[in-house]
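Okay, structure first, notes after.
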């Protein structure tokens, strides 16, 4: 019974750490770029866009499709970095030998 109580206590501590880490991840800001830096985007830990910058040189009416593609590429770059960051931070909270997903 003592081992069970210890295990329960460890599970509660892990849950608390995971909840704290989740809140920290939501406050992250990750940037992504495309077009050699002509398009830059910042997203938060939830994947919401917080900031978008487009180089004025791209603002040519005939090139709207290119701008759209670069915005999407910049978002995907930021989203990929976010997923990598979250995965690394969450794996640091797990006991040795334990991996996500369970």
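In our numbering, the protein residues as written are 907 to 1008.
Idealized CB from N, CA, C, for every residue including glycine.
{"query": "Selected residue, minimal CA-CA separation from residue 989, among 945, 966, 943, 938", "result": "938"}
{"query": "Rounded straight-line distance, which links the Cα of residue 915 to that of residue 955", "result": "38 Å"}
{"query": "In DSSP terms, what residue 935 is bridged to", "result": "950"}
{"query": "Per-residue burial, residue 984 [other beta carbons within 10 Å of its own, 16 or more giving buried]", "result": "buried"}
{"query": "Residue 944 beta carbon less than 9 Å from that of residue 957", "result": "no"}
{"query": "Closest residue to residue 940 among 965, 969, 975 (Cα-Cα distance)", "result": "975"}
{"query": "Exposed unless 16 or more other CB atoms sit within 10 angstroms - verdict on residue 947", "result": "buried"}
{"query": "Residues near residue 973 by beta carbon distance below 8 Å, same chain, minus five either side", "result": "945, 960, 964, 965"}
{"query": "Beta carbon of residue 862 nearer than 9 Å to that of residue 924", "result": "No information on residue 862 is available, as it lies outside the stretch 907 to 1008 that the chain covers here."}
{"query": "Cβ-based burial, residue 978 [other Cβ within 10 Å; buried from 16]", "result": "exposed"}
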